[in-house]
Amino acid sequence: MALERNPLIAGRLEKLSALRENGVDPFPPRTPPRLPVEQVRAMGSGHGSEVSTSGRVRARREHGKTVFADLSDPTGRIQLYFNSREVSPELWRLLGHVDLGDMIWVTGTLFTTRMGELTLAVSGMTILVKAVRPMPVVKVDSSGEVHDAVSDPDLLYRHRCVDLLLNPVSRKRFEDRSRIISAVRAYLDGLGFIEVETPILQQLYGGASAEPFTTKYNFLDRECYLRIATELYLKRLLAGGFHRVYEIGKDFRNEGVDRTHSPEFTQLELYEAWSDYRGMMARFEELVVVSAEAAGKGGEVVYQGRTLRMEPPFPRIPFVDALHEKSGEKLFDFEPDRLARFAAGLGIPVESAARPALLDKLFDHFVVPGLVQPCFVTDYPAELSPLAKRNSSDPRLTERFEAFMAGIELANAFSEQNDPLLQRSILEAQAVEDGVRQGEVDEEFLYALELGMPPAGGLGLGVDRLVMILTDAGSIRDVILFPHLRREK
RNA sequence: GAGCCGCUAGCUCAGGCGGUAGAGCAUCUGACUUUUAAUCAGAGGGUCCGGGGUUCGAGUCCCCGGCGGCUCACCA
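150 is the number that the working numbering gives to position 149 of the first sequence; each next residue is one higher, with no gaps.
So this is what it looks like as structure tokens:
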């Protein structure tokens, strides 16, 4: 939409050209020396010395010969006071061209008003930025109640800058996200892990079962994929002698979107030689504690009204035991046909009547909703875990766990399968079932196993979901700055 | 991909059974020298998401489409 069609914008554009005609640059290249608002406030009133700051004009209250305005920067908010008897006629005229949302630099002295508010009596001002587009005005009354809060999620997701400016909760959430990721890095770096970057653009995808995004590399005239996981590359590094490695980066899955799924999401994967899935439980517990601290949370986190106790050790719940207990049936021992009939009886779609998929769906149905407090579900069926080591006591199961909280899967980890012959047969069998990959297996990955990959534990952790829980976000879109949306018409 | 709900001024929202489109904030004009959701008086501002249909007449009813939200499906 053309800017001028909005009368509010047209009015601002007129003020902007009026400023230019008077020789005022509405977008000057430099800001005069200034202190952050927070520091100005800390000085307090009564010392009489001149201070300067800058920020965005967020409110304006006119009283004839005086004007009050609120100025804010990322560190805080301060009230400005303009008195037409005390400022120059030029400044008073300039003030008439300042709109809500404009950024200004001001200088003056601090005093306290009758109402007891610390205020800067302005004696000098320059315009730093003329805001051409008005932003919604949100008011907060003396009891702290917010009026006219912008509630249109489309507007807030599409124009995240508006959301960040208007919603302190959202702003804090993204600051916490940054702190959490920094804390995760600091924790792993402190243990001697090295952070690496592996390919996002791949000619063969793997490491998870998900539909990839497909693209084309023109130079090679070849189809390429965006990665769905980093697993197979990081394990090559294990074989290559990087015994503690991790990567934090985006994975892409061409699947549906919901409260906990985004097509583009941030995953931490870490691999640690000479460890196993039990070692990964300890890593997970420590990562959660460190992250909660980074988000300013203690041992208890309230998520969507439920209190989660973040105090390790988290209980271990064997997959099969939980499934049998919650369903009241020995489902793991059912023949595939009987399992399919049982699932169909519950209204669970059984199009892909494969036993592994059914077990997983039944687990999601019976067990996952009840996994509110942090816990580990352990010993997943081997059929669901092609890259995990078999359980020595029961080869139908694997040394694997998934971590859950608030019914959300946060992490997946196992003792990594490093038998190259067994791994090859599993992957080849799977490739036959999976038509999309047309029988291809990742030979480079198998090459690394053949060379010898140390026994190791590996952990994949959904960073967005961890941030959701620690910042009480109801949707993954609330913790992704620019979530995927359809194009605006 | 399916079902349900929503879309009205820049923002938040009203619009009974189909009969000339409303409020608060924001904007503009005027008043006001310590206000703070400032106040008071006045004014302007609309492709009622888009298209089609029914009707003398549609923001309102019907159909198709767009975008969003929720739920489901998909996601080892």
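In this text, a Cβ means the ideal position worked out from N, Cα and C, and glycines have one as well. Just so we're clear, the structure is a prediction, and the values are computed from it rather than from any experiment.
### Message
Let me confirm a value: Gly436 is counted as buried when at least 16 other C-beta atoms fall within 10 Å, else exposed. Which label applies?
### Response
Only weak support is given to the placement of Gly436: the predicted model assigns it a pLDDT of 49, under 50, and the value that follows is read from those uncertain coordinates. So Gly436 ends up on the exposed side.
### Query
Below 8 Å, can you find three or more Cβ-Cβ pairs linking the stretch 299-312 to the stretch 331-339?
Judged by Cβ distances under 8 Å, the stretch 299-312 makes no contact with the stretch 331-339, as fewer than three pairs qualify.
### Query
Relative to the alpha-carbon of Tyr234, which residue among Gly475, Leu452, Glu445, Glu451 has its alpha-carbon at the smallest distance?
Ranking the options by Cα distance to Tyr234, first place goes to Glu445.
### Query
Excluding five sequence neighbours on each side, which residues of the same chain lie with their C-beta closer than 6 Å to the C-beta of Arg488?
Here Arg488 has no same chain residue with a Cβ atom under 6 Å from its own Cβ, once five neighbours each way along the sequence are excluded.
### Query
When the distance is taken between beta carbons, is Ile477 closer than 8 Å to Thr267?
Not in contact: Thr267 and Ile477 (Cβ atoms no closer than 8 Å).
#### Entry: Reference Arg356; option with closest CA among Val368, Val369, Asp190, Ala341
For Arg356, the closest C-alpha among the options Val368, Val369, Asp190, Ala341 is that of Ala341.
### Message
Quick check on DSSP: helix, strand or coil for His325?
### Response
For His325, the three-state secondary structure derived from DSSP is helix.
### Query
What are the start and end residues of each continuous alpha helix (DSSP H) run of 4 or more residues lying completely inside the stretch 31-103, in chain order?
You should have 38-44, 90-96.
### Query
Smallest Cα separation from Leu239: which of Ala474, Glu451, Pro8?
Residue Glu451 is the option with its Cα nearest to Leu239.
### Message
Between Gly453, Val141, Val289, which has its C-alpha nearest Arg180's C-alpha?
### Response
Of the listed residues, the one whose Cα sits closest to Arg180 is Val289.
### Task
Assign Leu9 to one of three DSSP states: helix, strand, or coil.
Judged by DSSP in its simplified three-state form, Leu9 adopts helix.
### Query
CA-CA distance, Tyr448 and His325?
Using only the alpha carbons, I get a separation of about 39 Å.
### Message
DSSP three-state label for Thr114, please.
### Response
Reduced to three states, the DSSP call for Thr114 is coil.
### Message
Applying the 10 Å Cβ sphere with the 16-neighbour rule, what's the burial state of Arg13?
### Response
Counting of Cβ neighbours within 10 angstroms places Arg13 among the buried residues, the total reaching 16 or more.
### Query
Near Thr76, what residues of its chain come up, given a Cβ to Cβ distance below 6 Å and the 5 sequence neighbours on each side ignored?
Cβ neighbours of Thr76 beyond the five flanking positions: Pro37, Val38, Glu39.
### Query
Can you tell me whether DSSP reads Arg310 as helix, strand or coil?
Strand, per DSSP.
### Query
Starting from Lys362 and walking both ways along the alpha helix (DSSP H), at which residues does that stretch end?
Run containing Lys362: 356-367, per the alpha helix (DSSP H) assignment.
### Query
Relative to the C-alpha of Asp74, which residue among Val107, Gly47, Ser85, Met469 is closest?
Minimum Cα distance to Asp74 is reached at Val107.
### Task
Could you pull the start and end residues of the beta strand (DSSP E) that Ile249 belongs to?
That run of the beta strand (DSSP E) goes 245-253.
### Query
Is the Cβ-Cβ distance between Asp153 and Lys140 less than 8 Å?
No, Cβ-Cβ distance for Asp153 and Lys140 is not below 8 Å.
### Query
Where does Glu403 land, buried or exposed, given buried means 16+ other C-beta within 10 angstroms?
Result: buried.
### Task
Under 8 Å Cβ to Cβ from Glu301, same chain only, skipping five residues before and after it: list those, please.
Cβ within range, chain order: Thr308, Leu309, Arg310, Met311.
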